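Chemist:
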Amino acid sequence: MTWRPGVSIGTGGWVSYQHLLFDRPEIVFANAAASESLFLGAKCLAALTRDPPAEVMQLCPDLQRGQGRGDSHARTARLCADRFQARLLA
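Under this note's numbering, think of the first position of the sequence shown as -12, with each following residue one higher.
1) At which residues does the alpha helix (DSSP H) containing F71 begin and terminate?
2) Under the three-state reduction of DSSP, which class applies to T(-2): helix, strand or coil?
3) Can you give me the Cβ contacts of A68 inside the same chain, cut-off strictly under 7 Å, excluding the 5 residues immediately before and after it?
4) Would F9 be called buried (16 or more neighbouring beta carbons within 10 Å of its own) or exposed?
5) From what residue to what residue does the alpha helix (DSSP H) around E13 run?
6) Quick check on DSSP: helix, strand or coil for F9?
7) Which residue marks the beginning of the beta strand (DSSP E) containing A33, and which one marks its end?
8) Does the Cβ of T63 lie closer than 7 Å to at least one heavy atom of the ligand MG?
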């Protein structure tokens, strides 16, 4: 993205991340950049280094029961290429 006007590579400083959780994954825009909201599918839950906060589990009890399988959080907001498809595109 550094080819875009006003975008450059900086050194030092810090980055702050804000995670947005909706009833289902959504595409959100900030400064014209698209990003997916917090995705809590089964593989993502398994990859967390810590247990998801109790508040998230309280708000989304289906995650606790099914670990994200078969519910609205198990699918991304848009289609994603799997490993094989990604290799074909590269």
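For each residue, glycine too, the CB sits at the ideal point set by N, CA and C. Bear in mind the structure is a predicted one, so any value in this text is a computation, not a measurement.
Modeler: Working from what's here:
1) As a working mapping, residue 71 is identified with position 84 in the sequence shown. Per DSSP, F71 belongs to the alpha helix (DSSP H) from 70 to 76.
2) Residue -2 sits at position 11 when you count from the first residue of the sequence shown. DSSP places T(-2) in coil when its eight states are reduced to three.
3) If you number the sequence shown from 1, residue 68 lands on position 81. Result list for A68: L76, in chain order.
4) Taking the first residue of the sequence shown as 1, we reach residue 9 at position 22. Per the 10 Å Cβ criterion, exposed.
5) Position 26 of the sequence shown, counted from the first residue, corresponds to residue 13. Where E13 is concerned, there is no enclosing alpha helix (DSSP H), given that its DSSP letter is neither H nor E.
6) Here residue 9 is taken as the residue at index 22 of the sequence shown, counted from 1. Looking at F9 - three-state DSSP - the assignment turns out to be coil, as it is neither helix nor strand.
7) As a first step, residue 33 is located in the sequence shown; it is residue number 46 there, counting from the start. In the DSSP assignment, A33 falls outside any beta strand (DSSP E) and lies within the alpha helix (DSSP H) extending over 29 to 34.
8) As for the ligand MG, it is missing from this structure, which has no ligand bound.
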